[in-house]
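Visitor:
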Amino acid sequence: MFTRLYLHIPFCRRKCPYCAFVSQESTTADLDGYAHTLLAEMGLAAHAFRAERPLESVYFGGGTPSLIAPPLIDRILKRAGELFGLDREAEITLEANPGTVDRERLAAFRSAGVNRLSLGVQSFHDPLLKALGRIHSAVAAREAFLAARAAGFTNIGIDLIHALPGQTIGMWRSELEQALALGPEHISVYGLTVEEGTPFALRYGAESPFLPDEDLAVAMFEEADDVLTAAGYEHYEIANYALPGRRSAHNSGYWHRDGYLGLGCGAHSFLREGYGVRFGNPADLDAYAGTIAQGRLPHGAELSLTRQDAMAEFMFLGLRMADGIGADGFRQEFGIGLDETFEAALAKLTAMGLLEPAGNRVRLTRRGMLLSNQVFAHFL
Ligand code: SF4
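Residue numbers (full-length UniProt numbering): 1 to 380.
Laid out in C-alpha cells, this is it:
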C-alpha cells in the first residue's frame with residue numbers, strides 16, 4: 001500500500017568525486033533503454049502492489065533524471081497514471097542538473113506534467129563547483145533557474161552544499177544570498193559528508209585541514225538558519241527550507257512514513273502493511289535490468305518491521321521535521337502513549353537541551369538539529 005512513487009535514474013554525464021549515490025556515466029542508448037526497463041518494471045509492480053489511492057507525488061531522483069528525454073518522462077508519467085492513478089493535484093518533481101537543461105528541454109518536461117524542479121546548484125562559486133567535479137558553472141546554474149521560470153515552473157528548489165574544502169563563512173553567506181536573489185520556493189542545504197569509497201575520501205581524510213572544522217560547519221548551519229528564516233523561509237526539516245505552502249510533499253511523505261513504491265536500479269520501497277515493509281532493488285544495473293528482462297521484479301528480501309522497529313522509525317523520521325512529533329499521532333499509530341514508551345530517552349534528551357516540548361508535541365531544538373544522529377540513537 002503506497003501513495004507515492006519514486007523513480008531512480010542512475011546515470012550522470014560525469015561522476016562527481018564526492019558522490020556515493022547509485023549513478024554511473026551513460027550514453028543516450030543507455031538512457032533510452034533504461035527508461036523502457038523502468039516501464040517494464042512498473043508493469044510488473046502493478047501486478048504485485050496496490051496504490052492506496054491515486055498517487056499524491058511522483059519523484060524522479062538520481063543520478064541525473066534531466067538526462068532522460070522529455071517524451072520518455074511523459075510516457076512514464078502517463079503509464080504511472082494508467083497503472084496506479086495519479087491525483088490531479090499530485091506533486092511531480094524532477095531533479096535536474098543545471099548543466100543538462102535549457103529552456104526548450106525544461107518546457108518539454110513541464111508539458112509532460114512535471115510541476116516541481118529540484119535544481120542541483122550546489123554552489124554559485126566556480127572554484128568550489130570545480131572542486132566538486134560538477135559539470136556546470138555558476139552562470140549556468142543561474143541560467144538554468146531563469147530558463148525554468150521562463151518554461152513555466154512556479155515551484156523550484158535549489159540544493160546547496162556547505163562545509164566544502166576551503167569554504168569560509170563569508171563564502172557561504174554569499175551562496176545563500178545568491179540563492180535568495182533568484183527567489184526559489186525551496187532551498188535544501190546539505191553539509192558535505194566525505195563518503196567512504198569515493199575519490200574525495202582518498203583526497204580528504206577525516207582530519208583534512210582543507211575541510212572546515214566542526215565549529216565552522218556548525219556556524220554554516222546556523223548561518224543558513226538565520227539568513228533563510230529572516231528571508232521568510234520555514235526551516236521545516238533539518239536540511240530543508242521552504243516558502244509557506246511550498247514544502248516538498250514527496251519528501252515530507254518519507255518523514256511521515258507514508259508508503260512509497262521505489263522503481264529503478266537501487267531504489268527502495270516502503271509499503272504500509274502491518275507495521276511497514278521495506279525492500280530495495282539491486283544497485284547493480286545488470287542485475288537489475290537482467291531480472292526485469294526475465295519478467296521478474298528485481299527487489300531483494302522484504303523486511304517486515306516489528307512494532308518496536310516502527311516506533312523507532314516514527315521517532316527518528318518524525319523528529320527530522322521542525323514540527324516534531326505529536327503524542328496523539330503516536331498513540332493513534334501504536335495504541336500507547338509516547339511518554340510511557342520513551343520516558344527515559346525523552347527526559348534525558350530534554351535535559352541535554354536537544355529536545356523541547358511544544359504543546360502536545362516534542363521537537364528538536366536548534367542544537368538538537370545539529371546533533372540529530374546522537375538524538376536518534378536514543379530511540380533505536
Ligand atoms: S550529478 Fe549528482 S548524482 Fe550525479 S555524480 Fe554528481 S552528485 Fe552524484
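For glycine and all other residues, C-beta sits at the position ideal for the given N, C-alpha and C.
#1: Alpha carbon to alpha carbon, how far is residue 165 from residue 211?
#2: Does the beta-carbon distance from residue 106 to residue 148 come in below 7 Å?
#3: Based on Cα-Cα distance, which residue from 260, 100, 160, 342 lies nearest to residue 375?
#4: I need the boundaries of the beta strand (DSSP E) containing residue 93, first residue and last residue.
#5: Taking DSSP as the reference, what is the three-state secondary structure of residue 321?
#6: Which residue marks the beginning of the beta strand (DSSP E) containing residue 9, and which one marks its end?
#7: Counting pairs of beta carbons, one from the segment 33-43 and one from the segment 59-79, are three or more of them closer than 8 Å?
#8: Should the segment 80-99 be called in touch with the segment 118-131, which here means at least 3 C-beta pairs below 8 Å?
#9: For residue 362 and residue 85, I'd like the C-alpha separation in whole angstroms.
#10: Compute every distance between the C-beta of residue 155 and the non-hydrogen atoms of the ligand SF4, then say whether any falls below 6 Å.
#11: Would you check if there are 3 or more beta carbon pairs closer than 8 Å linking the segment 239-250 to the segment 51-63?
#12: Since residue 250 is in the alpha helix (DSSP H), which residue starts that stretch and which ends it?
#13: With DSSP as the reference, identify every bridge partner of residue 156, one or two as the case may be.
#14: Considering residue 240, what are the terminal residues of the beta strand (DSSP E) in which it resides?
#15: Decide yes or no for the touch test of the segment 272-290 against the segment 221-236: beta carbon pairs closer than 8 Å, at least 3 of them.
#16: Put residue 50 into one of helix, strand or coil per three-state DSSP.
#17: At which residues does the alpha helix (DSSP H) containing residue 187 begin and terminate?
#18: Roughly how many angstroms separate the alpha carbons of residue 272 and residue 329, rounded to a whole number?
#19: Evaluate residue 293 with the Cβ neighbour count: other Cβ atoms within 10 Å of its Cβ, from every protein chain shown; 16 or more gives buried, anything less gives exposed.
#20: Tell me whether the beta-carbon of residue 368 lies closer than 7 Å to the beta-carbon of residue 346.
#21: Under the criterion of a Cβ to heavy atom distance below 6 Å, does residue 23 qualify as lining the ligand SF4?
#22: Report the CB separation of residue 232 from residue 243 in whole angstroms; it is logged as a contact under 8 Å.
#23: When DSSP builds the beta bridges, which residues end up paired with residue 261?
#24: Short of 6 Å in beta carbon distance, which residues of its chain neighbour residue 142, apart from the five on each side in sequence? Order them along the chain.
#25: Using the Cα positions of residue 31 and residue 94, report the straight-line distance between them to the nearest angstrom.
#26: Compute the minimum distance between the beta carbon of residue 63 and the heavy atoms of the ligand SF4, and state whether it is under 6 Å.
#27: Using only the alpha-carbon positions, how far apart do residue 167 and residue 305 sit?
#28: Could you pull the start and end residues of the alpha helix (DSSP H) that residue 222 belongs to?
#29: Can you tell me which of 373, 324, 352, 344 puts its alpha carbon nearest to the alpha carbon of residue 359?
#30: For residue 23 and residue 340, what's the separation of their Cα atoms in angstroms?
#31: Write down every uninterrupted run of the beta strand (DSSP E) in the segment 288-332 whose length is 3 residues or greater and which is fully enclosed by it, in chain order.
#32: Have a look at 256, 282, 191, 280 and flag the residue whose alpha-carbon is nearest the alpha-carbon of residue 312.
#33: By the 10 Å Cβ neighbour count, where 16 or more other Cβ atoms means buried, how is residue 269 classified, buried or exposed?
#34: If you run the structure through DSSP and keep just helix, strand and coil, what is residue 137?
Guide: So, from the data block:
#1: Here residue 165 refers to the residue found at position 165 of the sequence shown. Here residue 211 refers to the residue found at position 211 of the sequence shown. Roughly 4 Å between the two C-alpha positions.
#2: Working through the sequence shown from its first residue, we reach residue 106 at position 106. Working through the sequence shown from its first residue, we reach residue 148 at position 148. Cβ distance < 7 Å, so residue 106 and residue 148 count as in contact.
#3: For the purposes of this step, residue 375 is taken as the residue at position 375 of the sequence shown. Ranking 260, 100, 160, 342 by Cα distance to residue 375 puts 342 first.
#4: Translated into positions along the sequence shown, residue 93 becomes position 93. 86-96 is the extent of the beta strand (DSSP E) around residue 93.
#5: Locating residue 321 in the sequence shown gives position 321, counting from the first residue. It is a strand residue.
#6: If you number the sequence shown from 1, residue 9 lands on position 9. Segment 4-9, the beta strand (DSSP E) holding residue 9.
#7: yes
#8: yes
#9: Here the question's residue 362 lines up with position 362 in the sequence shown. Here the question's residue 85 lines up with position 85 in the sequence shown. Computed Cα separation, rounded: 36 Å.
#10: If you number the sequence shown from 1, residue 155 lands on position 155. Outside the cutoff, so no.
#11: yes
#12: One-based indexing of the sequence shown puts residue 250 at position 250. Counting along the chain, the alpha helix (DSSP H) containing residue 250 begins and ends at 249-255.
#13: For the purposes of this step, residue 156 is identified with residue 156 of the sequence shown, where counting begins at 1. 117, per the DSSP bridge assignment.
#14: For this step, residue 240 is matched to residue 240 along the sequence shown. From DSSP, the beta strand (DSSP E) with residue 240 extends over 240-242.
#15: no
#16: Reading the sequence shown from its first residue, position 50 is the one you call residue 50. Reduced to three states, the DSSP call for residue 50 is coil.
#17: What you label residue 187 is simply residue 187 of the sequence shown in a count that begins at 1. Unbroken run through residue 187 is the beta strand (DSSP E), 186-191; no alpha helix (DSSP H).
#18: As a first step, residue 272 is located in the sequence shown; it is residue number 272 there, counting from the start. As a first step, residue 329 is located in the sequence shown; it is residue number 329 there, counting from the start. About 16 Å.
#19: As a working note, residue 293 is residue 293 in the sequence shown. Label assigned to residue 293: exposed.
#20: Walking along the sequence shown from the start, residue 368 turns up at place 368. Walking along the sequence shown from the start, residue 346 turns up at place 346. No; because the gap between Cβ atoms is not below 7 Å, this pair is not in contact.
#21: Walking along the sequence shown from the start, residue 23 turns up at place 23. Yes, the ligand SF4 has a heavy atom inside 6 Å of this Cβ.
#22: Taking the first residue of the sequence shown as 1, we reach residue 232 at position 232. Taking the first residue of the sequence shown as 1, we reach residue 243 at position 243. Their Cβ separation, rounded to whole angstroms, is 6 Å, which keeps residue 232 and residue 243 in contact under 8 Å.
#23: Position 261 of the sequence shown, counted from the start, is the residue given in the question as residue 261. For residue 261, which the question treats as bridged, DSSP gives the partners 5.
#24: Indexing the sequence shown from 1 puts residue 142 at position 142. Taken in chain order, the list of residues that qualify is empty.
#25: The residue given as residue 31 occupies position 31 in the sequence shown. The residue given as residue 94 occupies position 94 in the sequence shown. In a straight line, the C-alpha of residue 31 is about 15 Å away from that of residue 94.
#26: Position 63 of the sequence shown, counted from the start, is the residue given in the question as residue 63. Yes.
#27: Here residue 167 refers to the residue found at position 167 when the sequence shown is read from its first residue. Here residue 305 refers to the residue found at position 305 when the sequence shown is read from its first residue. When rounded, the distance between both Cα atoms is 42 Å.
#28: Counted from its first residue, the sequence shown places residue 222 at position 222. Element bounds for residue 222: 214-230.
#29: Walking along the sequence shown from the start, residue 359 turns up at place 359. The residue with the shortest Cα to Cα distance from residue 359 is 324.
#30: Taking the first residue of the sequence shown as 1, we reach residue 23 at position 23. Taking the first residue of the sequence shown as 1, we reach residue 340 at position 340. Taking the straight line joining both Cα atoms gives about 44 Å.
#31: none
#32: Here residue 312 refers to the residue found at position 312 when the sequence shown is read from its first residue. With distances taken between Cα atoms, residue 312 lies closest to 256.
#33: To locate residue 269, count along the sequence shown from 1; it is residue 269. That one is buried.
#34: Taking the first residue of the sequence shown as position 1, residue 137 is located at position 137. Coil.
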